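Q: Protein sequences appear in the order of chains A and B.
Quick note: the first sequence uses the working numbering, first residue 600, plus one each step.
Quick note: the second sequence uses the working numbering, first residue 20, plus one each step.
C-beta: ideal position from N, C-alpha, C; glycine also.
Given the structure is predicted, the values throughout are model-derived calculations rather than measurements.
I'd like to ask you about the structure that follows.
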Amino acid sequence: HHVQQTLDTFFCSR
Amino acid sequence: MLEARLEQANLLKKVVDAIKDLVQDCNFDCNDSGIALQAMDNSHVALVSMMLKSESFSPFRCDRNIALGINLTSLTKVLRAAQNEDILTLKAEDAPDVVNLVFESAESDRISEYDIKLMDIDQEHLGIPETEYAATISMPSAEFQRICRDLMALSESVSIECSKEGVKFACQGDIGSGSVTLRSHTNVDKPEMNVEIDLTEPVSLTFSLKYLVGFCKASSLSGQVKLCLSNEVPLLVEYALANNSYLRFYLAPKIGD
């Protein structure tokens with residue numbers, strides 16, 4: 600099965 | 020104070036309709052360049068980014084930064100009272116408790132006025148890095164919507180593979196598998212039907228169809244949709260609006276097998 604990634608991995612918090 | 024007048028309420032009605040199932044409470048950040056919104060869904064899988072430039076309004080006035088924290092369900096209830104063709108004016112004070120919406124019928128002398136109570140929303144603001152995408156696909160928004168809906172009947176996920184041959188949307192499910200392949204295509208009479216594929220390197224990524232089908236609620240805002248992909252980064256789905264305004268969605272990819 601595929602695992603859903605989250606955006607936190609890619610976009611930094613400002 | 021903010022005063023922003025839209026020629027047609029339709030634009031805001033459609034934008035809110037396209038995002039209300041993804042995000043519930045959001046800040047509409049108003050400044051002299053326009054009205055912007057950025058919000059993630061609860062599971063941090065998808066992000067919506069809206070920009071309505073000041074040029075999309077006439078007139079537009081906003082002296083200082085104002086964040087309007089609005090519950091989209093409440094906004095939807097009020098916008099239902101506006102006819103598509105109504106002139107819509109948004110108004111707020113500098114430190115507002117409410118946002119004021121006025122709907123004016125161009126044909127009759129009917130003026131309706133609503134106030135929505137504002138909320139304090141402590142929203143996480145994400146920095147989205149500038150990305151040179153490996154593949155950019157422009158296609159009819161209705162075509163993208165149809166592909167996503169058709170493939171969702173078979174599977175939860177779709178792989179989007181972009182190569183010199185074209186772009187292939189493929190899925191595998193319990194009952195079988197399916198795919199749709201599009202190649203670059205120019206329709207001189209109907210440019211909205213064009214398929215344009217701009218590729219610097221082949222890309223293959225897998226995404227949740229549930230989210231893509233949700234993004235497609237924005238299809239009525241623009242005849243074309245732009246998909247931007249690079250390996251191992253979120254997909255960008257963009258609906259361009261008039262005056263450089265836009266509605267963008269970002270979706271994190273799925274990995275592994």
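Spell out whether any CB of chain A is found under 9 Å from the CB atom of GLU215(B).
A: Your numbering for residue 215(B) matches position 196 in the second sequence. Answer no: the Cβ-Cβ gap between GLU215(B) and chain A never drops below 9 Å.
Q: Can you look up GLU74(B) in the DSSP assignment and give me helix, strand or coil?
A: Within the second sequence, residue 74(B) is the residue found at index 55, counting from 1. GLU74(B): helix per DSSP, three-state reduction.
Q: How many angstroms separate the CA atom of GLU132(B) from the CA atom of LEU21(B)?
A: Counted from its first residue, the second sequence places residue 132(B) at position 113. Counted from its first residue, the second sequence places residue 21(B) at position 2. For GLU132(B) and LEU21(B), the distance between alpha carbons rounds to 16 Å.
Q: Quick check: the Cα distance between GLY233(B) and VAL64(B), rounded to an integer number of angstroms?
A: In the second sequence, counting from the first residue as 1, residue 233(B) sits at position 214. In the second sequence, counting from the first residue as 1, residue 64(B) sits at position 45. Using only the alpha carbons, I get a separation of about 13 Å.
Q: Using the C-alpha atoms, what's the distance from GLU175(B) back to VAL192(B)?
A: Here residue 192(B) corresponds to residue number 173 of the second sequence, with the count starting at 1. Here residue 175(B) corresponds to residue number 156 of the second sequence, with the count starting at 1. The displayed chain sequence assigns Gly, not Val, to residue 192(B). Those two C-alpha atoms are separated by around 8 Å.
Q: Chain A partners of LEU66(B), CB-CB under 7 Å?
A: Along the second sequence, read from residue 1 onward, the residue named residue 66(B) stands at position 47. Annotation: Cβ neighbours of LEU66(B) in chain A (cutoff 7 Å, chain order): LEU606.
Q: Which residue's Cα is closest to the Cα of ASP36(B): SER62(B), SER93(B) and PRO78(B)?
A: One-based indexing of the second sequence puts residue 36(B) at position 17. The shortest Cα separation from ASP36(B) among SER62(B), SER93(B) and PRO78(B) belongs to SER93(B).
Q: Which residue from ILE216(B), VAL214(B) and ALA28(B) puts its Cα closest to that of GLU104(B)?
A: Taking the first residue of the second sequence as 1, we reach residue 104(B) at position 85. Ranking ILE216(B), VAL214(B) and ALA28(B) by Cα distance to GLU104(B) puts ALA28(B) first.
Q: Consult DSSP for PRO210(B) and reduce its assignment to one of helix, strand or coil.
A: Translated into positions along the second sequence, residue 210(B) becomes position 191. In the structure shown, PRO210(B) sits in a helix (DSSP, three-state: H, G or I).
Q: Closer than 8 Å by beta-carbon distance: list the chain A residues that pair up with HIS63(B), in chain order.
A: Translated into the one-based positions of the second sequence, residue 63(B) becomes position 44. Those are THR605, LEU606 and ASP607, listed as they occur along chain A.
Q: By the 10 Å Cβ neighbour count, where 16 or more other Cβ atoms means buried, how is MET138(B) classified, buried or exposed?
A: Your numbering for residue 138(B) matches position 119 in the second sequence. MET138(B) comes out exposed.
Q: So SER73(B) packs on ALA261(B), CB below 8 Å; how close in whole Å?
A: Taking the second sequence and counting its residues from 1, one reaches residue 73(B) at position 54. Taking the second sequence and counting its residues from 1, one reaches residue 261(B) at position 242. No, SER73(B) and ALA261(B) are not in contact; Cβ-Cβ is about 13 Å, not under 8 Å.
Q: Quick check: the region 194 to 201 of chain B against the region 134 to 152 of chain B, are at least 3 beta-carbon pairs closer than 8 Å?
A: Verdict: no, contact absent.
Q: According to DSSP, is SER52(B) part of a helix, a strand, or is it coil?
A: Here residue 52(B) refers to the residue found at position 33 when the second sequence is read from its first residue. For SER52(B), the secondary structure class from DSSP, reduced to helix, strand or coil, is coil.
Q: Are three or more beta carbon pairs between the region 149 to 163 of chain B and the region 210 to 219 of chain B nearer than 8 Å?
A: yes
Q: Give a yes or no on whether 9 Å exceeds the smallest Cβ distance from HIS144(B) to chain A.
A: Counting from 1 along the second sequence, the entry for residue 144(B) is found at position 125. Under the Cβ criterion of 9 Å, HIS144(B) is counted among the residues facing chain A.
Q: On the CB-based measure, 16 or more other CB atoms within 10 Å of its CB, does VAL207(B) come out buried or exposed?
A: Within the second sequence, residue 207(B) is the residue found at index 188, counting from 1. With fewer than 16 other Cβ atoms within 10 Å, it is exposed.
Q: On the criterion of 16 or more Cβ atoms from any shown chain inside 10 Å, does ASN84(B) qualify as buried, or is it exposed?
A: Sequence index remark: in the second sequence, residue 84(B) carries index 65 (1-based). Exposed, since its Cβ has fewer than 16 Cβ neighbours within 10 Å.
Q: Can you name the start and end residues of the beta strand (DSSP E) that GLY275(B) belongs to?
A: For this step, residue 275(B) is matched to residue 256 along the second sequence. No beta strand (DSSP E) holds GLY275(B); DSSP gives it neither H nor E.
Q: Have a look at VAL252(B), VAL256(B) and ILE194(B) and flag the residue whose alpha-carbon is nearest the alpha-carbon of PHE610(A).
A: The sequence position of residue 610(A) within the first sequence is 11, counting from 1. Looking at the Cα atoms, VAL252(B) is the closest of the given residues.
Q: Note down, in chain order, each residue of its chain lying with its Cβ closer than 7 Å to the Cβ of LYS33(B), except the 5 sequence neighbours on either side.
A: What you label residue 33(B) is simply residue 14 of the second sequence in a count that begins at 1. So the qualifying residues of the chain are SER239 and LEU240.
Q: Quick check: ALA154(B) and LEU56(B), are their CB atoms within less than 9 Å of each other?
A: Position 135 of the second sequence, counted from the start, is the residue given in the question as residue 154(B). Position 37 of the second sequence, counted from the start, is the residue given in the question as residue 56(B). The answer is no: Cβ separation not under 9 Å.
Q: As a quick exercise: from PHE226(B), ALA237(B), GLY185(B) and LEU228(B), pick the residue whose alpha carbon is nearest that of LYS39(B).
A: Against the second sequence, residue 39(B) aligns to sequence position 20. For the residues PHE226(B), ALA237(B), GLY185(B) and LEU228(B), the minimum Cα distance to LYS39(B) belongs to ALA237(B).
Q: Under three-state DSSP, which class holds GLU162(B)?
A: Residue 162(B) sits at position 143 when you count from the first residue of the second sequence. Judged by DSSP in its simplified three-state form, GLU162(B) adopts helix.
Q: At the 9 Å Cβ level, is ALA271(B) part of the contact set with chain A, yes or no?
A: Counting from 1 along the second sequence, the entry for residue 271(B) is found at position 252. Interface residue, yes.
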